[in-house]
Each structure stands twice: as structure tokens, then as C-alpha cells.
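Numbers given in my numbering equal positions in the sequence shown, counted from 1, plus 168.
Glycine is no exception: its CB is placed at the ideal position from the N, C-alpha and C atoms.
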Amino acid sequence: MEEQMTSIYKNNLYSKSDEFEQILKYLDLDLSNILKKIPLLTRKRIEEIRLRIGRPLAINYDGKDLFLKPNGAITENIYDAYIVNEKNIRNTFQLISNYSVYAFEEELRNGFITVNGGHRIGITGKVLYRNNNIYTIKEISSLNIRIAREKKGVSDKIIKYVIKKPNTIYNTLIVSPPQCGKTTLLRDLIRNLSNGIPRLNFYGLKIGVVDERTEIAGIYKGYPQNDVGFRTDVLDSCRKFEGMMLLLRSMSPNIIATDELGEEKDIVAIHQALKAGVKIISTVHGESINDLLTRPYLKQILKENIFERIIILSNRKGVGTVEDIMDGKTYKSIIKKEV
């Protein structure tokens, strides 16, 4: 079954080829020519490309912010780096928006545009308001291109701690600092739980995903650019509270998954889901349980023991290092060895 689904995604009109190559076609020619010079093995470790007018061409490489020389070589010296100019930004933005800014006004209000492949481009510039709401962003000053990369299998070693017999899961919270792999792990958990795991005698479940920032499924023109499983329904660009309520009303999910809990209303929606017998998988920014306890709304759900499993990530041994998996009631580790 997994092989069949992989084939379906490969044949999808909007399925991924090489992620880095996909990004190049959205860049100003001068920038594209620089990035083309980067060796293939190096490309695979680049997570972000940052363009800022009048400042060095920057990349996030293995979690470190570095710069690119005109010959494509990586450097820590800003004086050796290529300096991004206004033309680079203007041409890149035109390519990203397909020369039609008006078609992307809604995305601009959110501060980012998602392109083919599920790659997300963050945008800053002059913000214009209308009726006290953000209307658009003009005079673009910087672009942050986040390269969407699937890492299938990253949840394989820890999924046994999430599954609850006979065929359900523990409510699970993934805790991670920024850029430590929480969304990547969440996505792969969704895929596995949706498709099913024969080796664990686990039959797949219906999953509803609220993908507020288009980072989990990476929807582009209706198609998920990332494999989130064949029993998964996705609400894209929808606020978490509203999305969870919509899924409960209309899609009868067994599990609701969402990224980055951030508001008190999100907790209200989680309570509604639990009352309906729906399981929850979510993530939150943080470094430890003690860190979460300093935030009132997170302290509330931890004290209520809503989440039965808490997974702590870091980048200590590379992005996605699993520091611990804890019982949500006792906060005691349930893993006997490193995973």
C-alpha cells in the first residue's frame, strides 16, 4: 500500500522533483546563477535562502546562518559575500507572484506566499492597513525562502510510543525550539498514522489537519505537495481554532493534527475535540516542560494532563534530535535508550 501511495504522489501534477531545483526558477537570474554553483551535497543541507536589500545573500545551513560568495562558496565573512540589490528582490518577487501581485493579496496579508513544491516565501516590507487590518505589503525589502523537504521515516523509531492499543493513539505534544524539526516529525507521524503501520498491527485512521501556515501538507492548487497519507483531509490557511471546529462538524476525524499552538482559543477547540472522542497531535515552541509552564495557556493544558505523550526535540546532534519522550501525567521519561 505504501508503495502504491508513493507512486500516486510521484505522478501528481504538482509532486516534487528536486526541492532545490524547484526554488531556482523563482529566483532572479543573478541569484539563480550563484546558487546553481553550490555542490549537490551542500544543497541538501540548506534550509533557508534569505534575500535582504543591501545586505549579504544568506542561507541557513545545518541550522547556522551563513553567507554566499558570488562563486557559490559558503562564507562566514560578510565582506566576501554577494550583496543583494533591489533588482534581485524585485525580479524574485515578480517570479514568486507570477507577475500578478493582486492574485496573491490574501497570502500577502499573512506575510508569505506558498509556491509549487510547498516552499514558503516569507515577505517583509511596508505594511499598508485598511479598516485596522493588514491590507497588503509593498516596497518589499526582504524575502525568506524556506525549502520544504520531506523526511519520510523520521517518526518510525518513536511512533510506538504514540500508538495506543488496540487501534488509537495517545494525545501527543511535540515540544521544540525553532528549526529543530517539529513540523517534519509531525508530518511524518500524520503520514504513518493515516496510512497504517502493518509491522505494528496498526490500521490507518482518519486524520484532519489544520495547516494554518501551509507548512504541513504544503497545499498548492488543491494538491498536497507533501505526503500526509491517504486518509488525511487538510484545511489550508485556516486559523487553528476555526479549523478544528470545522473538522469536528464536517469530517468525522479520528485524529486532529495542527502545528504551533499559540492562542487560548486553540485550547478551547482542543477541549471540544476531546469531548467528541477525537485524539490530538500538535506542536509548540519550547525547550522543556519548565519552559512551557511559564506560559499561562500551556500551563493550563499541562496541568489538565490533556497530552498523554510529550516529545522533546533539539538540534544537539542535528536537527530533529529526540531528547526525551515523557508520560504527560508524570513527566517521567518512557524511553529506555536514545532514539
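Apart from the five residues on each side of it in sequence, which residues of its chain come closer than 7 Å, Cβ to Cβ, to Tyr-297?
Cβ neighbours of Tyr-297 within its own chain (closer than 7 Å, five residues either side excluded): Tyr-303.
Quick check on the burial criterion: 16 or more other C-beta atoms within 10 angstroms. Buried or exposed for Thr-462?
Classification for Thr-462: exposed.
Are the CB atoms of Phe-475 and Gly-488 within a distance shorter than 9 Å?
Contact: no.
Would Glu-380 and Arg-407 be called neighbours here (beta carbons separated by less than 9 Å)?
Yes. Within cutoff.
What are the start and end residues of the alpha helix (DSSP H) that includes Leu-209?
Per DSSP, Leu-209 belongs to the alpha helix (DSSP H) from 208–211.
Opening and closing residue of the alpha helix (DSSP H) in which Asp-356 lies
Where Asp-356 is concerned, the enclosing alpha helix (DSSP H) stretches over 350–363.
Just to confirm, is the Cβ distance from Ile-375 to Ile-424 under 9 Å?
A contact, by the Cβ cut-off of 9 Å.
In or out: Thr-174 buried (at least 16 other Cβ within 10 Å) or exposed?
Legend: pLDDT at Thr-174 = 49, less than 50; position of this residue unreliable, no value from coordinates given.
Skipping 5 residues on each side, what residues in its chain have a beta carbon closer than 6 Å to that of Ser-185?
For Ser-185, the pLDDT reaches just 49, beneath the cut-off of 50, and the residue's location in the model is therefore unreliable, although a value from the coordinates is still provided. So the list is empty, once near-sequence residues are dropped.
Alpha carbon to alpha carbon, how far is Lys-255 from Gly-321?
Answer to the nearest angstrom: the Cα atoms are 41 Å apart.
Curious, which full-length beta strand (DSSP E) runs of at least 3 residues does the stretch 415–496 contain?
Runs found: 423–426, 447–453, 477–482 and 489–495.
From which residue to which residue does the alpha helix (DSSP H) around Leu-276 run?
273–278 is the extent of the alpha helix (DSSP H) around Leu-276.
Shortest alpha-carbon distance to Glu-215 belongs to which of Gly-486, Val-436, Met-419 and Thr-336?
Minimum Cα distance to Glu-215 is reached at Gly-486.
If I measure Cβ to Cβ from Pro-238 and keep anything under 7 Å in the same chain, skipping five residues before and after, which residues do I get?
Around Pro-238: Ile-202 and Tyr-250.
For Pro-421, does the count of other Cβ atoms within 10 angstroms reach 16, so buried, or fall short, so exposed?
Residue environment: Pro-421 is assigned as buried (16 or more neighbouring CB atoms within 10 Å of its CB, all protein chains considered).
What residue range does the beta strand (DSSP E) around Ile-305 cover?
From DSSP, the beta strand (DSSP E) with Ile-305 extends over 301–314.
Buried versus exposed call for Asn-300 [16 or more other C-beta atoms within 10 Å across all chains shown]:
When all chains shown are included, Asn-300 counts as exposed.
Bridge partner(s) assigned by DSSP for Leu-403:
Answer by DSSP bridge pairing, in chain order: Val-378.
Close-in-space but distant-in-sequence residues of the same chain around Lys-500 (CB under 7 Å, 5 per side omitted):
Excluding positions up to five away in sequence, the list reads Met-494.
Coil, strand or helix - Glu-189 by DSSP:
The answer is helix: DSSP assigns Glu-189 an H, G or I state.
Do you know how far the Cα of Val-452 is from the Cα of Leu-481?
Each residue's alpha carbon lies about 11 Å from the other.
Mind checking which residues open and close the alpha helix (DSSP H) that includes Glu-254?
Unbroken alpha helix (DSSP H) run through Glu-254: 254–264.
Under three-state DSSP, which class holds Ser-200?
Here DSSP, grouped into helix, strand and coil, assigns Ser-200 to helix.
Excluding the 5 residues flanking Leu-199 on each side, which residues of the same chain have their C-beta closer than 6 Å to its C-beta?
Hits under 6 Å: Asn-256.
Rounded to whole angstroms, what is the Cα-Cα separation between Arg-355 and Leu-361?
Straight-line Cα distance between these residues: approximately 10 Å.
Nearest-angstrom Cβ-Cβ length linking Thr-340 and Ile-479, presumed shorter than 8 Å:
At roughly 7 Å, the Cβ-Cβ gap stays under 8 Å, so Thr-340 and Ile-479 are in contact.
Would you kindly check if the distance between the Cβ of Ser-405 and the Cβ of Thr-426 is under 9 Å?
No; because the gap between Cβ atoms is not below 9 Å, this pair is not in contact.
Cβ neighbour criterion (16 or more within 10 Å) applied to Thr-498:
Using a 10 angstroms sphere on the CB of Thr-498, the tally of other CB atoms stays under 16, which defines it as exposed.
Which residue from Ile-305, Asp-324, Gly-430 and Ile-387 puts its Cα closest to that of Asn-363?
Minimum Cα distance to Asn-363 is reached at Asp-324.
Using the DSSP secondary-structure output, state which residues sit across from Asn-228 in a beta bridge.
Answer is Glu-216 and Asp-233.
Mind checking Glu-275: buried by the 16 CB within 10 Å criterion, or exposed?
Buried: at least 16 other Cβ atoms inside 10 Å.
Same chain only: Cβ atoms within 6 Å of Arg-211, ignoring 5 sequence neighbours per side
Counting only Cβ-Cβ distances below 6 Å, and skipping sequence neighbours, we find Phe-188.
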